[in-house]
Ligand SMILES: NC(=O)c1ccc[n+]([C@@H]2O[C@H](COP(=O)([O-])OP(=O)(O)OC[C@H]3O[C@@H](n4cnc5c(N)ncnc54)[C@H](OP(=O)(O)O)[C@@H]3O)[C@@H](O)[C@H]2O)c1
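In full-length UniProt numbering, the protein residues as written are 1 to 317.
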């Protein structure tokens, strides 16, 4: 079978399309014929060696996939061949992937393999549940995978002020189309003034930051009294440079958040709710699909900030 492998950590060019043996299901695992790989920012961090998840080179890159079950291992009771599923695979960038059955979600008929990739939506849902009662919400990288889901879920939730920060004018238009009440290009020098003009002196109640570096430090100055900054990524590659002293006079707080800490029962419930929203057309993904042979371009486009919405690698039927 075809797979995307790497022999070393590095730039997108370390990714290669190679022939690999078909996976065999261990007990409690199933084999999925992969139709869509969701390219998540974490995949870039694994490839770069920032998340040192590769035990031995050469390795198939891990990843989130959707596809059709072709085989079940011993002990698998609740899934069968032919079902359409989504989940995270330890060797996911491949035509076929072995995945623990317990980690899979069954996709409804109306939901396509690409739209059914749930990591971004689950992350966004989790972020929006970390605090309550907020009226003014700021989202960085708002046109990206998690960001675009956070904008839509905040709109569904009825958050009155959804301020989307993005890196280009085209992305500003995109986030407005998703329901952002305001869109700011935070590559413009006066972006922070634009933001404070929108929130007024009371500031922002909740900020979701995916970028790290200087941006969250500046956003702390825009927080409301009792406001919260949630740090959940650093796509700039720079550490989040916030001075905790600046929180004191606002009784503000900074918290971290990861999708991996959602409890299994909560994850199951949210996955079902999100799939219902997707099936009803209320939660949309702008799908940017690349043939799996174009994996280097897909990774480069995200690294170069040219992506919007959901980046997907497609494998032929
Ligand atoms: N904690 C969790 O559970 C969790 C789960 C999923 C993802 N994440 C993290 O959340 C972040 C977003 O993930 P994603 O998959 O949704 O990716 P994404 O937002 O679709 O892509 C990354 C975006 O980051 C923005 N960005 C800002 N500065 C950048 C820079 N210097 N270089 C490259 N990009 C930059 C770009 O948007 P603009 O041009 O609009 O700024 C870019 O499009 C990542 O840091 C990821 O690791 C965390």
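Note that CB positions come from ideal geometry on N, CA and C, so glycine has one too.
A quick note: this is a predicted structure, and the numbers were derived from the prediction, not measured.
Task: Close beta carbons around residue 45, own chain, < 6 Å, minus the five adjacent residues each side - done: Around residue 45, the same chain offers 51 as residues with beta carbons nearer than 6 Å, after the five sequence neighbours per side are excluded.
Open item on the list: Contact defined as beta carbons within less than 8 Å: I believe residue 123 pairs with residue 259. What is the distance between those atoms, to the nearest angstrom?
Closed with: Right, their Cβ atoms sit about 4 Å apart.
Open item on the list: Shorter than 7 Å, the distance from the beta carbon of residue 120 to the closest heavy atom of ligand 1, or not?
Closed with: With a cutoff of 7 Å, residue 120 counts as near ligand 1, since its C-beta is closer than that to a heavy atom of the ligand.
Open item on the list: Strictly by DSSP, which residues pair up with residue 182?
Closed with: Residue 182 is bridged to 163.
Open item on the list: I need the boundaries of the alpha helix (DSSP H) containing residue 198, first residue and last residue.
Closed with: DSSP places residue 198 in the uninterrupted alpha helix (DSSP H) bounded by 191-199.
Task: Distance CB(residue 38)-CB(residue 63) smaller than 8 Å - done: Yes.
Open item on the list: Measuring straight from C-alpha to C-alpha, what distance separates residue 197 and residue 161?
Closed with: Residue 197 and residue 161: Cα-Cα distance of roughly 13 Å.
TODO: For the region 221-257, list the beta strand (DSSP E) runs that are entirely contained and at least 3 residues long, ordered along the chain.
DONE: Taking only runs of at least 3 residues, the beta strand (DSSP E) segments lying wholly in the region 221-257 are 223-231, 253-256.
Open item on the list: Once the 5 residues before and after residue 101 are set aside, which same chain residues still bring their CB inside 6 Å of it?
Closed with: Result list for residue 101: 28, 30, 76, 79, in chain order.
Open item on the list: Check for me: the beta strand (DSSP E) holding residue 16 runs from which residue to which?
Closed with: 15-19 is the span of the beta strand (DSSP E), which, as asked, contains residue 16.
Open item on the list: If you measure between the beta carbons of residue 114 and residue 289, is that distance less than 8 Å?
Closed with: The Cβ atoms of residue 114 and residue 289 sit closer than 8 Å to each other.
- [ ] Under the assumption that residue 142 contacts residue 26 (Cβ atoms under 8 Å), give the Cβ distance between them as a whole number of angstroms.
- [x] Separation of the CB atoms of residue 142 and residue 26 is rounded to 40 Å, and the pair is thereby denied contact status at 8 Å.
Task: Backbone secondary structure at residue 209 - three-state DSSP - done: Strand at residue 209.
Open item on the list: Quick check: what's the CA-CA separation for residue 200 versus residue 185?
Closed with: Cα to Cα, the separation comes out at about 18 Å.
Task: Enclosing beta strand (DSSP E) for residue 31 [first to last residue] - done: For residue 31, the uninterrupted beta strand (DSSP E) run begins and ends at 29-38, by DSSP.
Open item on the list: With DSSP as the reference, identify every bridge partner of residue 67, one or two as the case may be.
Closed with: Per DSSP, 34, 85.
TODO: Report yes if the C-beta of residue 63 is less than 7 Å from at least one heavy atom of ligand 1; otherwise report no.
DONE: Between ligand 1 and the CB of residue 63, the shortest heavy atom gap is not smaller than 7 Å.
Task: Terminal residues of the beta strand (DSSP E) in which residue 310 lies - done: Per DSSP, residue 310 belongs to the beta strand (DSSP E) from 310-314.
- [ ] Give every residue of the same chain whose Cβ lies closer than 6 Å to the Cβ of residue 137, excluding the five residues on either side of it in the sequence, and list them in chain order.
- [x] Contacts found: 154, 159, 162, 206.
Task: Given 8 Å, three or more beta-carbon pairs between the region 1-21 and the region 273-283 - done: Taking a contact to require three or more Cβ pairs closer than 8 Å, the region 1-21 and the region 273-283 do not qualify as touching.
TODO: Decide if residue 116 is buried, meaning its Cβ has at least 16 other Cβ atoms within 10 Å, or exposed.
DONE: With 16 or more other Cβ atoms within 10 Å, it is buried.
Open item on the list: Mapping the DSSP letters down to three states, classify residue 4 as helix, strand or coil.
Closed with: DSSP, reduced to helix, strand and coil, places residue 4 within a strand of the structure shown.
Task: Extent of the continuous alpha helix (DSSP H) to which residue 61 belongs - done: Going by DSSP, residue 61 is part of no alpha helix (DSSP H) at all; its letter is neither H nor E.
Open item on the list: So the candidates are 308, 12, 33, 300; which of them puts its Cα closest to the Cα of residue 175?
Closed with: Of 308, 12, 33, 300, the smallest CA-CA separation from residue 175 is found for 308.
Task: Beta bridge counterpart(s) of residue 288 as assigned by DSSP - done: Looking at the DSSP output, residue 288 shares a beta bridge with 311.
Open item on the list: Here's the rule: buried if 16 or more other CB atoms are within 10 angstroms of the residue's CB, otherwise exposed. What is residue 109?
Closed with: Within a 10 Å sphere around the beta-carbon of residue 109 sit fewer than 16 other beta-carbons, which makes this residue exposed.
Task: Sequence-distant residues of the same chain with beta carbon closer than 6 Å to residue 180, five excluded per side - done: Cβ neighbours of residue 180 beyond the five flanking positions: 151, 162, 164.
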